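Report on the following structure.
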Amino acid sequence: MHELAVCQSLMNQVETIASERDATCVTLIILGIGPLSGVESALLKNAFTIARAGTSAAEAELIIEQLPIRVKCNQCGSESTATPNKLTCKQCGDWRTTLLSGDELLLMSVELEKASEKRSTPESDITTLNSGLH
Amino acid sequence: MCDTCGCNITHGNENLIRQGGRLARTESGKEAVTVLHSLLHENDHTAKHNREHFDRHHVLAINLMSSPGSGKTSLLESTIGLLADGLRIAVIEGDLETENDAERIRKQGVKAIQITTGSACHLDAHMIHQALHNLDLNDLDIVFIENVGNLVCPASFDLGQHLNVTLLSVPEGDDKPAKYPVMFRCADLVLISKCDLLPVLDDFHPDKARTYLHDIASSAPVIELSAKSKAGMPAWLDWINQQLEVCRKQFKQHPAPSAHKHRHEHDEDNARV
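Chains as they are written, first to last, in the working numbering: chain F, 1186 to 1319; chain G, 32 to 304.
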């Protein structure tokens, strides 16, 4: 049950972003999670209802996008979908594969409400924050 | 995992993630900010910092993970007795409560730091960082971190270690890698412990455990051993010495960034020497 710890880390990041961009509140948080991340989405959603209390994301909606497990065979080169405890190649059956996706634990985006922009900006601005944030 | 920010965006999943446009919905008056950071960004940042500390002092850090009762502390007791000649060792112990494991290690004549996590089911990089304040890395060659006994949560938290070793004890059953794939996938070495029980618990087949490990695409070597009978211990000691040699070569070829000034502020220090 480490989802609460993961969620508290999420809330710290979201609060930092909201504060740096002078947002009045956070309205939406989108995560990307793979089955091999070790984090259960349902538990994370429960933890979120506790962790968001008293933060600028107290009213925020949480969307978790489940990312599929995909592997690439190191022997025959083919790509296939897989399950958490069967990561072998579906084409040739070899076990020597490389994970292409499925272990993600990502904060993908947040949507902020800003007092100055409320009902005044016709289109939203999408900005990518690079690693310099921290 | 990406080296820049610790996220796990790769060439393989980049399209899936960046094309998440259908969810990147926005409304008038709101600003959508694309972040793409690991949810454990803070932990990963501290883990990287810990690893730099180890690297700078040419210390190999090994994280031991397993179920409770699989023999991590017994293995360390035996290992210290057999390895200590010439090698300087310290142990960081993680448990929810008690100083018992650290006391067992201290009886072997090496320094042990006990971290009591209270109700937390895993160690994290911040706890290790605090523990490192109580260790003089200049006087050490290897630091073993004995994680909280748990096959789930510790797998998600990078501590700054160089290598993960996962124990699978014979009484647990040979299908644990299939049941806990996240934990066993991150192992650099799997130790089948309590092998002296194999004649009694004849439903445990080491070859089956190896097959389950291949099913999760693990190429980690597997060593069968017993801390009690000492069977298999030479192979484990050889592996440690090989890894130490590999790490020392890497430390020389890629020196860690020079020591930096940073403030250490901690509200509470739950590490005890």
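All residues carry an ideal CB built from backbone N, CA and C; glycine is no exception. Being a predicted model, the structure only gives us computed values, none of them experimental.
Name the chain G residues that come within less than 7 Å of residue i, Cβ to Cβ?
i: residue 1200 of chain F; result: Going along chain G, no residue has its Cβ under 7 Å from residue 1200 of chain F, so there is no contact; the nearest lies around 12 Å.
i: residue 1212 of chain F; result: 61
i: residue 1196 of chain F; result: The contacting residues do not exist; residue 1196 of chain F stays about 10 Å from chain G at best.
i: residue 1299 of chain F; result: 62
Could you check which residue in the options has the C-alpha nearest to that of residue i?
i: residue 1285 of chain F; options: F:1297, F:1300, F:1264, F:1244; result: F:1264
i: residue 139 of chain G; options: G:118, G:167, G:239, G:109; result: G:109
i: residue 242 of chain G; options: F:1237, F:1201, F:1273; result: F:1273
i: residue 1208 of chain F; options: F:1218, F:1232, F:1240; result: F:1240
i: residue 1232 of chain F; options: F:1188, F:1290, F:1277; result: F:1188
i: residue 287 of chain G; options: G:223, G:65, G:84; result: G:84
i: residue 174 of chain G; options: G:99, G:204, G:237, G:143; result: G:143
i: residue 225 of chain G; options: G:214, G:219, G:105; result: G:105
i: residue 1271 of chain F; options: F:1238, F:1299, F:1204, F:1256; result: F:1256
i: residue 148 of chain G; options: G:141, G:137, G:162; result: G:162
i: residue 1223 of chain F; options: G:183, G:160, G:235, G:74; result: G:183
i: residue 235 of chain G; options: G:203, G:254, G:222, G:215; result: G:203
i: residue 71 of chain G; options: F:1267, F:1193, F:1280; result: F:1193
i: residue 1254 of chain F; options: F:1261, F:1246, F:1220; result: F:1220
i: residue 260 of chain G; options: G:221, G:44, G:228; result: G:228
I want to verify the contact list: residues of chain G whose CB lies under 8 Å from the CB of residue i, in sequence order.
i: residue 1206 of chain F; result: 62, 64
i: residue 1226 of chain F; result: Per Cβ cutoff of 8 Å: no residues; residue 1226 of chain F is ~12 Å from chain G at best.
Which residues in chain F sit within 7 Å of residue i, going by Cβ to Cβ distance?
i: residue 213 of chain G; result: 1221, 1223
i: residue 44 of chain G; result: 1252, 1285, 1286, 1289
i: residue 253 of chain G; result: Going along chain F, no residue has its Cβ under 7 Å from residue 253 of chain G, so there is no contact; the nearest lies around 14 Å.
i: residue 186 of chain G; result: 1223
i: residue 247 of chain G; result: 1270, 1272
i: residue 153 of chain G; result: 1187
Round the Cβ separation of residue i and residue j to the nearest angstrom and send it over; I've been treating them as touching at under 8 Å.
i: residue 1293 of chain F; j: residue 1215 of chain F; result: 5 Å
i: residue 179 of chain G; j: residue 125 of chain G; result: 5 Å
i: residue 1297 of chain F; j: residue 64 of chain G; result: 6 Å
i: residue 187 of chain G; j: residue 1291 of chain F; result: At roughly 13 Å, the Cβ-Cβ gap does not stay under 8 Å, so residue 187 of chain G and residue 1291 of chain F are not in contact.
i: residue 1282 of chain F; j: residue 258 of chain G; result: No, residue 1282 of chain F and residue 258 of chain G are not in contact; Cβ-Cβ is about 34 Å, not under 8 Å.
i: residue 1275 of chain F; j: residue 1249 of chain F; result: Not really, about 26 Å apart at Cβ, beyond 8 Å.
Name the chain F residues that come within less than 8 Å of residue i, Cβ to Cβ?
i: residue 241 of chain G; result: Those within 8 Å of residue 241 of chain G in chain F number zero; the least Cβ separation is about 10 Å.
i: residue 209 of chain G; result: 1270
i: residue 82 of chain G; result: Those do not exist, as residue 82 of chain G stays about 17 Å from chain F at its closest Cβ, beyond 8 Å.
i: residue 279 of chain G; result: Those within 8 Å of residue 279 of chain G in chain F number zero; the least Cβ separation is about 28 Å.
Mind listing the chain F neighbours of residue i? Cutoff is C-beta to C-beta under 9 Å, in chain order.
i: residue 250 of chain G; result: 1280, 1281
How would you list, in chain order, the residues of chain G whose beta-carbon sits under 9 Å from the beta-carbon of residue i?
i: residue 1216 of chain F; result: 70
i: residue 1275 of chain F; result: Here the premise fails: no neighbours, minimum Cβ distance about 13 Å.
The ligand SAM heavy atoms versus the CB of residue i: any closer than 7 Å?
i: residue 82 of chain G; result: In the structure shown, the ligand SAM is absent, as is every other ligand, since no ligand is present at all.
Requested in this report: Scan the region 61-73 of chain G for residues whose Cβ lies nearer than 7 Å to a Cβ of chain F and list them as they occur along the chain.
Outcome: Contact annotation: in the region 61-73 of chain G, residues whose CB is within less than 7 Å of a CB in chain F are 61, 62, 63, 64, 65, 66, 67, 68, 69, 70, 71, 72, 73.
Requested in this report: Scan the region 1240-1272 of chain F for residues whose Cβ lies nearer than 8 Å to a Cβ of chain G and list them as they occur along the chain.
Outcome: Flagged, chain order: 1248, 1250, 1252, 1253, 1255, 1256, 1257, 1269, 1270, 1271, 1272.
Report task. Only counting runs of 3 or more residues, tell me where the beta strand (DSSP E) segments fall wholly within the region 251-283 of chain G, in order along the chain. Result -> Secondary structure remark: continuous beta strand (DSSP E) runs of at least 3 residues inside the region 251-283 of chain G, in chain order: 253-255.
**Report entry** Entirely enclosed alpha helix (DSSP H) segments - the region 1211-1256 of chain F, minimum 4 residues
**Finding:** The DSSP assignment places 1226-1236 as complete runs of the alpha helix (DSSP H) inside the region 1211-1256 of chain F, in order along the chain (cut-off: 4 residues).
**Report entry** Residues within the region 164-197 of chain G neighbouring chain F, beta-carbon criterion of under 8 Å
**Finding:** Here the close residues are 183, 184, 186, 187, 188.
Requested in this report: Return the chain-ordered ranges of every beta strand (DSSP E) run that is complete within the region 89-140 of chain G and spans a minimum of 3 residues.
Outcome: Correct list: 91-96, 120-126.
Query raised in the report: Just by C-beta distance, which residues in the region 124-148 of chain G are closer than 7 Å to chain F?
Result: Residues passing the 7 Å Cβ filter: none.
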